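Residue numbers (full-length UniProt numbering): 1 to 145.
Every residue, glycine too, gets a C-beta built ideally from N, C-alpha and C.
Being a predicted model, the structure only gives us computed values, none of them experimental.
Next comes the structure, spelled out in structure tokens:
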């Protein structure tokens with residue numbers, strides 16, 4: 001069977017989406033292995049048989065590392081009582097970190113940062129992750145006052 005009528009070919013991920021996914025891979029692996037994400041980023045850059053590390057991937061990893069205390073404090077403050085950052089699935093935790101870095105420290109529209117994180121959660125994490133990440137980031141990005 002081909003695509004449904006009036007549907008074009010499947011949309012390819014954007015360059016920035018690929019960069020976010022690669023940044024997520026690096027942050028996730030570094031956390032899992034208990035190593036510095038910047039060391040892992042350097043390691044990935046020097047590997048010959050892997051795709052090159054995009055500039056935006058590097059910006060995201062550096063940004064999350066540089067602002068991690070601020071980001072983690074904000075995320076922790078938005079969690080329900082009894083929940084901790086460590087209780088979140090690693091993928092969700094690092095997606096939230098990437099999105100919140102983009103919201104706080106880049107000129108990317110909040111809605112885009114949230115939508116990208118939700119899409120990656122839907123693709124890569126648990127059945128409930130997309131709605132959890134959406135709710136968490138929605139709480140963190142809603143206007144105050």
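Would you kindly work out how many angstroms separate the C-alpha atoms of residue i and residue j, rounded to a whole number?
{"i": "residue 41", "j": "residue 116", "result": "21 Å"}
{"i": "residue 28", "j": "residue 34", "result": "10 Å"}
{"i": "residue 85", "j": "residue 79", "result": "8 Å"}
{"i": "residue 24", "j": "residue 87", "result": "18 Å"}
Report yes if the CB atom of residue i is closer than 7 Å to the CB atom of residue j, and no otherwise.
{"i": "residue 103", "j": "residue 57", "result": "no"}
{"i": "residue 137", "j": "residue 121", "result": "no"}
{"i": "residue 130", "j": "residue 114", "result": "no"}
{"i": "residue 37", "j": "residue 55", "result": "no"}
{"i": "residue 98", "j": "residue 44", "result": "no"}
{"i": "residue 91", "j": "residue 60", "result": "no"}
Quick check on the burial criterion: 16 or more other C-beta atoms within 10 angstroms. Buried or exposed for residue i?
{"i": "residue 3", "result": "With a pLDDT of 46 at residue 3, under the threshold of 50, the predicted position of this residue should be treated as unreliable, though the coordinate-derived value follows. With fewer than 16 other Cβ atoms within 10 Å, it is exposed."}
{"i": "residue 127", "result": "exposed"}
{"i": "residue 5", "result": "Annotation note: pLDDT 49 at residue 5 (below 50); position unreliable, coordinate value reported separately. Flag for residue 5 reads exposed."}
{"i": "residue 30", "result": "buried"}
Which residues bound the alpha helix (DSSP H) around residue i?
{"i": "residue 134", "result": "129-141"}
{"i": "residue 37", "result": "37-46"}
Does chain C have any CB closer than 7 Å to the CB of residue i?
{"i": "residue 133", "result": "Absent here is chain C; the protein component of the structure consists of one chain."}
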